[in-house]
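Peer 1:
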Amino acid sequence: MSVMGLFFVVIFSFALLWLARQGVFASHWLEEGEVARYRRAGGAEPPPAVKVGLAIFLAVAGCLFSLLAAAFFMRGDAPDWQMPPIPRVLWFDTFLLAVSSVALQVALVAARRADAARVKTALLVGAVTAALFLIGQIWAWRELIELRFFASSNAANAFFYLLTGAHALHLIGGLVALARTTDKVRGAVRVTKELTASVELCAIYWHFLLFVWLLMFAMLIGWADGFGVVCRRLLS
Amino acid sequence: MTDASIPQNVAPPPAEVEDVELYHAHSWLTKYVFSQDAKVIAIQYAGTAIAVGVLALVLSWVIRLQLAFPGAIPFIDAEVYYQSVTMHGMIMVVYMLTAIFLGGFGNYLIPLMVGARDMVFPYVNMLSYWVYLIATLILVSSYFVPGGPTGAGWTLYPPQSILTGTPGHEWGIILMLASLILFIVGFTMGGLNYVVTVLQARTRGMTLMRMPLTVWGIFSAAVMALLAFPGLFVACVMLLLDRTLGTSFFMPSLVELGERKDYVGGSPILFQHLFWFFGHPEVYIVALPAFGIVSDLISVHARKNIFGYRMMVWAIIAIGVLSMVVWGHHMYISGMDPWFGFFFAVTTLAIAVPTALKVYNWVLTLWHADIHFTTPMLFALGFLVTFVNGGITGLYLGNVIVDVPLSATLFVVAHFHMVMGIAPVLVIFGAIYHWYPKITGRMMDERLGKIHFWITFLGAYAIFFPMHYLGVLGMPRRFYEMGETAFVPASAETLNIVITITALAVGFAQSIFFYNLFKSLKHGAPAGGNPWRAASLEWQTPETPPGHGNWGKHLPVVYRWPYAYSVPGAAEDYLPQNAPPLAGEHSP
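In structure tokens:
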């Protein structure tokens with residue numbers, strides 16, 4: 017559960033910083049309020065709600081993955097724990113997901129420059145590489161099953177399927193959103209502000225999933241074992 | 008400081024968040040059933056929650072009847088008893104309290120109180136309710152599968168929850184886990200809405216420190232729920248895999264009915280960590296909205312501003328943060344490291360500080376106030392007393408050495424029913440009496456309301472107060488029957504019978520409330536827009552009940568906090584949040 021501790025330190029720091037900036041330390045009887053703020057800012061509007069919505073969702077998804085990681089380290093302490101061999105295809109998959117993430121970043125930059133043709137290509141590259149990543153994950157699962165590393169035979173195998181499965185489900189959800197964005201871009205003659213916003217949301221989500229995947233991959237191939245030992249020592 | 012291009016005296020144009028394109032209902036079906044209007048969704052949420060709540064109330068009678076008259080009622084056998092205990096607990100905590108506070112009051116009050124037209128994602132909001140309804144139906148459907156619902160206790164501890172011998176180990180447990188997973192998915196959709204609406208859709212002038220405490224309470228509870236429910240989600244998914252695929256996340260190697268199972272090395276303690284990681288914040292997910300609502304009820308009906316508003320806000324935030332790091336106090340008897348127990352005891356007792364701060368502030372708000380003993384006020388006062396009562400026994404149980412002997416007794420049952428059963432329920436009743444005029448345009452009957460209050464309040468004490476004594480006596484909880492036990496005197500048996508009869512009576516007395524609720528719909532006195540002369544924004548809507556979009560043509564502009572009562576120099580004894588500034592008042 018030390019993982020959760022770390023996660024909370026990060027989340028709460030963000031939240032408190034945000035609250036402070038939003039004036040939670042203000043005295044309401046002295047506060048000028050948004051009426052005055054509006055006059056000062058000359059009528060600037062707040063950031064779009066969907067972006068804030070995505071940020072909150074990422075916090076929830078982050079919490080979910082941190083809990084899975086915490087469970088992974090706690091369960092990994094048991095004597096029966098035996099990590100399965102990691103399929104080689106996962107290295108290639110990691111590369112694919114990184115390419116996908118970069119492609120979406122390129123799409124975002126292109127969208128900001130209103131370069132419609134490049135946005136289309138970049139989104140397509142992003143979607144195809146992400147889909148290939150998923151196929152690669154299925155490949156990895158099949159490889160493990162053929163080698164008779166079943167979910168029921170060892171908890172480490174079960175965690176392998178659970179972690180990669182949870183990540184893949186999130187990516188599939190992202191692909192639906194990406195497909196809708198690509199569809200909008202395909203029909204569009206020029207890049208609108210709204211389109212840029214959807215491309216941005218997809219890009220942020222992709223970076224998040226790449227980040228989660230990198231940490232998860234480190235856990236699966238054993239690079240995070242030392243961290244797990246520290247976690248357990250802290251709690252017992 | 009002031010931009011010269013915008014004249015000082017002209018109200019700025021209302022803030023409209025761009026993305027909120029209100030969906031206009033075209034048919035009866037989209038207006039009342041698949042509605043995207045937060046107010047309709049709120050009523051659907053609350054209606055469903057109250058309906059399953061009544062089911063859970065009936066289940067509590069089953070428990071009580073068995074405890075008072077063991078074996079006297081033929082259909083209550085050990086299986087039915089454990090199933091009732093489990094379903095009563097789970098329904099009340101998750102499907103009733105969480106759903107009604109966040110889904111019900113959250114949906115109705117957040118947009119109105121912060122001056123928004125609707126939630127920011129109305130479609131997702133609608134989806135949230137329907138997923139919740141499906142989750143509830145799946146849970147209830149477990150009564151109709153072979154083996155019936157699960158009887159594993161609401162904590163669903165493995166390994167027993169999925170082994171033969173526990174009622175409902177065939178299908179009941181699977182349905183329970185599936186239902187919880189769906190509930191969490193549905194809740195996450197709703198929770199995102201509540202949080203983002205508070206962050207993004209506040210009307211102009213509604214700064215964070217001008218939000219009513221109700222909104223603060225619901226907002227913090229929603230944030231906590233978003234961070235806590237994943238714990239239950241992970242636990243449920245992993246337990247479901249253990250049950251269906253035979254993985255060993257939680258299941259240790261064991262022999263069942265003489266047969267060696269395939270499970271190896273799983274950790275039941277891991278489940279407890281994940282479960283209580285959700286389970287403890289859950290207490291405050293229920294309590295924080297209640298804190299917020301009670302602050303508003305007390306302030307309005309005592310005609311006085313809430314004492315220490317800023318402290319109240321910070322206390323809510325502090326309680327929210329602290330409550331995420333105390334889950335271990337549910338696991339003192341799981342054999343944890345003493346230092347670990349010490350850490351959790353310290354954080355647990357530390358919560359008493361912000362909580363006591365809130366209690367003092369409520370009392371100081373009442374001090375020298377113009378208290379109107381209306382039904383909502385009575386319920387708010389009832390909450391105050393009950394919450395202090397339950398909180399103090401919480402201080403006992405927060406200490407490891409006191410908890411260890413008391414943990415398996417009725418003392419714990421008495422404690423958590425006082426603090427997170429009766430106290431929040433009193434607030435729910437108070438809130439319904441308070442906001443009913445806004446929701447329906449008619450007042451509820453005050454006389455019936457007061458009768459309802461006294462029966463419920465005194466009755467709840469008659470039920471749960473003696474349980475403390477039974478607990479200290481050593482009367483164990485969870486037991487189906489006691490049989491011949493030397494340490495249980497005959498007087499304890501009598502006390503049990505008294506508790507049961509009171510519980511039946513108090514349960515039936517709730518029909519007064521339902522009668523009042525439905526009768527007032529048609530025959531209640533017309534309420535007008537603001538019967539309590541309250542200052543917060545939801546009472547200033549152009550129509551009552553508020554129409555689709557809440558505010559007519561223009562969003563309100565807010566100039567002050569929501570507790571401007573008994574303001575010197577004002578024409579009335581309150582100043583609505585959106586009333587233009589008085590001469591000499593600090594310029595907003």
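Quick note, the sequences are listed as chains Z and H, same order. Going by this note's numbering, the first sequence wraps up at 252, each residue one higher than the last. Going by this note's numbering, the second sequence wraps up at 595, each residue one higher than the last. We treat Cβ as the ideally placed atom computed from N, Cα and C, and that holds for glycine.
(1) With a threshold of 8 Å on Cβ separation, who are the neighbours of Z:V245 within its own chain once the five nearest residues in sequence on each side are excluded?
(2) Which bits of chain H does Z:A167 rub up against, with CB to CB less than 9 Å?
(3) Tell me where the alpha helix (DSSP H) around H:W539 begins and ends.
(4) Roughly how many angstroms separate the alpha carbons of Z:R37 and H:S227, rounded to a whole number?
(5) Assuming the contact rule is C-beta atoms closer than 8 Å, H:Y136 and H:G110 should be a hit. Round their C-beta distance to whole Å, please.
(6) Among the residues of its own chain, which have a CB less than 7 Å from the CB of Z:L22, if the five just before and after it don't count?
(7) H:E25 CB to nearest chain Z CB: under 8 Å?
(8) Just the chain H side, please: which residues come within less than 9 Å of Z:I72 by C-beta, in chain order?
(9) Should Z:A174 be flagged as near chain H, meaning a C-beta pair shorter than 8 Å?
(10) Between Z:R158 and the rest of its own chain, which residues show a CB-CB distance below 8 Å, the 5 nearest in sequence each way excluded?
(11) Using a Cβ-Cβ distance under 8 Å, would H:T195 count as near chain Z?
(12) Count the CB pairs spanning the segment 228-242 of chain H and the segment 303-320 of chain H that are closer than 8 Å, and state whether there are at least three.
(13) So within the segment 411-456 of chain H, which uninterrupted alpha helix (DSSP H) runs reach at least 4 residues, ignoring any that extend past its ends?
(14) Once the 5 residues before and after Z:D131 are set aside, which same chain residues still bring their CB inside 8 Å of it?
(15) Tell me the DSSP secondary structure of Z:G238 in three-state form.
(16) Does the beta-carbon of H:A11 have 16 or more other beta-carbons within 10 angstroms, so that it is buried, or is it exposed?
(17) Should Z:I188 go down as buried or exposed, given a rule of 16 or more other Cβ atoms within 10 Å for buried?
(18) Quick check: is the beta carbon of Z:C79 nearer than 8 Å to any beta carbon in chain H?
(19) I'd like to know if the segment 494-510 of chain H and the segment 466-474 of chain H are in contact, where contact means that at least 3 CB-CB pairs between them fall below 8 Å.
(20) Give the interface partners of Z:R91 over in chain H, defined as CB-CB distance under 7 Å, in chain order.
(21) Starting from the Cα of H:N200, find the closest Cα among H:P77, H:N132, H:H308 and give me that residue.
(22) Using the beta-carbon of each residue, which ones in chain Z are nearer than 7 Å to H:G224?
(23) Since I believe H:G531 is in contact with H:D452 (beta carbons under 8 Å), could you give me their beta-carbon distance rounded to a whole number of angstroms?
(24) How about H:V127: is its C-beta nearer than 8 Å to some C-beta of chain C?
(25) Give me the residue from H:L582, H:P444, H:A577, H:S518 with the minimum Cα distance to H:N537.
(26) Are there three or more Cβ pairs, one per stretch, closer than 8 Å when the segment 415-423 of chain H is compared with the segment 343-351 of chain H?
(27) Taking the straight line between their C-alpha atoms, what separation do you get for H:W321 and Z:V40?
(28) If you draw a straight line from the alpha carbon of H:P275 to that of H:Y403, how long is it in whole angstroms?
(29) Assuming H:G327 and H:I225 are in contact, meaning their beta carbons sit under 8 Å apart, how far apart are those beta carbons, in whole angstroms?
(30) How close, in whole Å, do the beta carbons of H:V203 and Z:A77 come, if the pair is a contact with beta carbons under 8 Å?
(31) Count the other CB atoms, across all protein chains shown, that sit within 10 Å of the CB of Z:F111; report buried if there are 16 or more and exposed otherwise.
(32) Since Z:D96 meets chain H, which of its residues come closer than 7 Å, beta carbon to beta carbon?
(33) Using a 10 Å radius around the Cβ and a threshold of 16 neighbouring Cβ atoms, would you call H:H375 buried or exposed?
(34) Indicate the three-state DSSP secondary structure (helix, strand or coil) for H:P483 in the structure shown.
(35) Does DSSP put H:Y572 in a helix, a strand or coil?
(36) Exposed or buried, what is H:G576 when buried is set at 16 or more other beta-carbons lying within 10 Å of its beta-carbon?
Peer 2: For this structure:
(1) No residues qualify anywhere along the chain.
(2) Within chain H, the residues whose beta carbon sits less than 9 Å from that of Z:A167 are L248, L252, G253, T254, listed in sequence order.
(3) Where H:W539 is concerned, there is no enclosing alpha helix (DSSP H), given that its DSSP letter is neither H nor E.
(4) One Cα belongs to Z:R37, the other to H:S227, and the distance between them is close to 17 Å.
(5) About 7 Å separates the beta carbons of H:Y136 and H:G110, which is inside the 8 Å limit, making them a contact pair.
(6) The beta carbon of Z:L22 sits closer than 7 Å to none of the beta carbons in its chain outside the five residues before and after it.
(7) Below a pLDDT of 50, predicted positions are generally treated as unreliable, and H:E25, at 42, falls in that range; no measurement from the model is reported.
(8) Within 9 Å Cβ-Cβ: G198, L199, V202, V203, L206, V230, L233.
(9) Any Cβ of chain H closer than 8 Å to the Cβ of Z:A174 would place that residue at the interface, and such an atom is present.
(10) Answer for Z:R158: no residue qualifies.
(11) So, interface residue.
(12) At 8 Å Cβ cutoff, the stretches do not touch.
(13) Correct list: 417-424, 430-447.
(14) Hits under 8 Å: V207.
(15) Coil.
(16) With a pLDDT of only 41 at H:A11, under 50, the local geometry of the prediction cannot be trusted, and the value read off the model is given with reservation. Looking at its Cβ environment, which holds fewer than 16 other Cβ atoms inside 10 Å, H:A11 is exposed.
(17) Under this definition Z:I188 is an exposed residue.
(18) Any Cβ of chain H closer than 8 Å to the Cβ of Z:C79 would place that residue at the interface, and such an atom is present.
(19) Counting Cβ pairs under 8 Å, three or more are found: they touch.
(20) Those are F256, S274, L277, listed as they occur along chain H.
(21) Comparing Cα-Cα distances from H:N200 to each of H:P77, H:N132, H:H308, the minimum goes to H:N132.
(22) Neighbours of H:G224 on chain Z: none; closest Cβ ~15 Å, over 7 Å.
(23) At roughly 7 Å, the Cβ-Cβ gap stays under 8 Å, so H:D452 and H:G531 are in contact.
(24) The chain labelled as chain C is not found among the protein chains of the depicted structure, namely Z and H.
(25) Of H:L582, H:P444, H:A577, H:S518, the residue nearest in Cα terms is H:P444.
(26) Contact annotation: the segment 415-423 of chain H does not touch the segment 343-351 of chain H, with fewer than three C-beta pairs closer than 8 Å.
(27) Distance from the CA atom of H:W321 to the CA atom of Z:V40, rounded to whole angstroms, is 9 Å.
(28) Near 27 Å, if we compare the C-alpha coordinates of H:Y403 and H:P275.
(29) Actually they are not in contact, since the Cβ atoms of H:G327 and H:I225 sit about 12 Å apart, beyond 8 Å.
(30) Their Cβ separation, rounded to whole angstroms, is 15 Å, which puts H:V203 and Z:A77 out of contact at 8 Å.
(31) That one is exposed.
(32) Residues of chain H passing the Cβ test: V271, G272.
(33) Around the C-beta of H:H375, fewer than 16 other C-beta atoms lie within 10 Å, and the residue is accordingly described as exposed.
(34) DSSP places H:P483 in strand when its eight states are reduced to three.
(35) Here H:Y572 sits in strand by DSSP.
(36) Within a 10 Å sphere around the beta-carbon of H:G576 sit fewer than 16 other beta-carbons, which makes this residue exposed.
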